[in-house]
Each structure stands twice: as C-alpha cells, then as structure tokens.
Amino acid sequence: MASRSSITDVSSAIGVGDSYSITLPASLAASNFSFTLAQSTFYDPNVTRNIRIIEPPQTGSAKAQVLDEELRAKFEKGFMERLDADRFEPGVKSSTEYYVEQWLSTNPFLVQTSIGRFFLGNTSHVNRLVGVLSVVAHLDRQALSPANELIALAALSHSSVEVKEYALRAYEYWEDAVLVAKLKDFSIQPAWLEEYKNEIIEDVIGG
C-alpha cells in the first residue's frame, strides 16, 4: 500500500514531525483520517497568503503541491452558496455540479481537499451533506478520488437516513466492484436501506 501524503501548514502551531489526526464526530466514528507533518517547514515573512504545502509520499517522485488558502476560501464560499440554494434530485444535474466541474478543470487538487474539509465541517447540516454526496456521485470519480470515496464511506455511518441513502446512491452511480465490496462491512438501518445496499452489491458484483 502506498504511503499517504503528509501535510505541512504554515499557520499551524503543531510541531514538525508531530502526529496530526482528524477524527470524525460520534455519528461518523467509523472513519478516522490521520496525517503526519513533514520534516520540513515553510516560512517567509514577506508572504501574506496562508500557504499549505502537501508533501508527496516518501516513496514517490511527485513534487509537493501548494494549496493557496485564498483560492480555497473562494471556492468554498461559492460551493456553500450553491449548496444552500440548490435542490438535489436524483438524475438532475445541479448548479453546484457545474460549479465544481469548472474548478476541477483548473485546480482538481484544491477541489479534492476543499470538499473533504467542507464535508467534515458540516456534519450537522444534512442538506449540505446531501448536496456534497450528490456532487461526488455524479462527477468524474477518478478526478475526485480519494476524497469522494472517503466522504461516501463516512456518510454510511451518519445518523441521517437521507445522508446514508445518498451515500449508497454514490456507490450505485460509480458501479465500481472494489468500492461496492466495502459495503459488505456495513449494516445499515432502517431495513429498506439495508435492502437497497444489498441490491447494489448484487447488481455490481453479485451476491
């Protein structure tokens, strides 16, 4: 298994090399996202923007990616405004999806990190979570991976029936045997959602 990227945030007070974990609320306790700060820091007193450097895996050759916090804030503002204004219906493309597609074409890295962060920060807002799940279900799965997969997986443990339903819809849209196989590890309530889950498993990979 490839090693995960690590995060260095110049605005963070956490020490270099310290373990840094993001743990979901009780309703999403099935998932835990962990990162380790890199062994290098970035600081320039002349820089006015808050810049986050994402270090590549130690075993890979990819260069570190820089996340512009001003751009991230701009994306999240527009994303939230559209989520709050949209009505999400199965099979209907929303303005939020068009918005995310535009950003994906120019900055897929920013979109991935921002959507995951936004989901974790809005676990008590059911309508927003439904919107996020609708977006990640319909848009290019590879372009949003792995953030979309982590979001759907976490949503299966949410207390809202609607959120769990939209999480299952994402797996149904993706039709990916490897991802759908993970549904076998979940027992989902109420009973009709468990039945829906089993139908997805049957359709994609068989019993």
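Quick note: the sequence shown, position 116, residue 131 per the working numbering, numbers continuous. Every residue, glycine too, gets a C-beta built ideally from N, C-alpha and C. None of the values given here were measured: they were computed from a predicted structure.
State yes or no: is the C-beta of Ile220 within less than 8 Å of the C-beta of Tyr186?
no
For Ile68, does the three-state DSSP call read helix, strand or coil?
Residue placement at Ile68 cannot be trusted, given a pLDDT of 38 that sits under 50; what the coordinates show is reported in the next sentence. If DSSP states are grouped into helix, strand and coil, Ile68 belongs with the strands.
Check Leu82 in the structure and name its three-state DSSP category.
strand
Going by C-alpha to C-alpha distance, which of Gly136, Arg97, Ala167 and His140 sits closest to Val151?
Ala167
Using three-state DSSP, classify Asn213 as helix, strand or coil.
helix
Taking only runs of the alpha helix (DSSP H) that begin and end inside the segment 118-189, which ones reach a length of at least 4 residues, in chain order?
123-135, 141-153, 156-159, 162-170 and 176-189
In this structure, how does DSSP classify Arg102 when only helix, strand and coil are distinguished?
coil
Using only the alpha-carbon positions, how far apart do Arg102 and Arg184 sit?
16 Å
Apply the 10 Å Cβ neighbour rule to Leu169 and answer buried if 16 or more other Cβ atoms are within range, or exposed otherwise.
In the sequence under discussion, the amino acid at residue 169 is Ala, which differs from the Leu named in the question. Flag for Ala169 reads buried.
How many Å lie between Trp189 and Arg156 at the Cα?
7 Å
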